[in-house]
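Colleague: Mind having a look at this structure? Questions to follow.
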Amino acid sequence: MAQFDVYPHPLEELRATHPYVVQVQSHFLKRPVAVMAVPLAPLDTPQHATVLNPMLEVAGQAFVLETLAIGSFEPGELCSPLANLGQDAQAIWDALDYALHGY
Numbered sequence: 198m199a200q201f202d203v204y205p206h207p208l209e210e211l212r213a214t215h216p217y218v219v220q221v222q223s224h225f226l227k228r229p230v231a232v233m234a235v236p237l238a239p240l241d242t243p244q245h246a247t248v249l250n251p252m253l254e255v256a257g258q259a260f261v262l263e264t265l266a267i268g269s270f271e272p273g274e275l276c277s278p279l280a281n282l283g284q285d286a287q288a289i290w291d292a293l294d295y296a297l298h299g300y
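This is how it looks when you write it as structure tokens:
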């Protein structure tokens, strides 16, 4: 499990609107009881890409990071990463900073 790994949303009932989550928790935390993740929504949703909700690409499709919907899951709920968004780390950090600090 690596920071910025993308997983299928662990809650099946949310996969239609938020098919994936991005694991954002630091890799320095060993054996966590929960893993922080942010859902991804298809870009065609009413929300547009902003600093708070940047556009990210997974498997050739555009998604919006729904930063304010951050949540946590048990480590075993996130299985088989499909991609890693490490190349988008700055946009993800900017979104989290904006949500938490306003800049």
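To convert, note that position 7 of the sequence shown is 204 in this note's numbering; the numbers rise steadily by one, no gaps.
Don't be surprised by glycine CBs; every beta carbon is placed ideally from N, CA and C.
Sort 234, 225, 224 by Cα distance to residue 275 and report the nearest one.
Modeller: Of the candidates 234, 225, 224, 234 places its Cα closest to the Cα of residue 275.
Colleague: On the DSSP bridge assignment, give the partners of residue 200 in chain order.
Modeller: The partner list for residue 200 (beta bridge, DSSP) is empty, contrary to what the question assumes.
Colleague: Looking at residue 219: is its Cβ nearer than 9 Å to the Cβ of residue 249?
Modeller: No, the Cβ-Cβ distance between residue 219 and residue 249 is not below 9 Å.
Colleague: Going by DSSP, what residue range makes up the beta strand (DSSP E) through residue 284?
Modeller: DSSP places residue 284 in no beta strand (DSSP E); its state is neither H nor E.
Colleague: To the nearest angstrom, how far is it from the Cα of residue 277 to the Cα of residue 256?
Modeller: Distance between the alpha carbons of residue 277 and residue 256: 15 Å.
Colleague: For residue 258, write down the residues that DSSP places opposite it in a beta bridge.
Modeller: 255
Colleague: Are the beta-carbon atoms of residue 240 and residue 282 separated by less than 9 Å?
Modeller: no
Colleague: Rounded to whole angstroms, what is the Cα-Cα separation between residue 296 and residue 284?
Modeller: Approximately 20 Å, taken between the alpha carbons.
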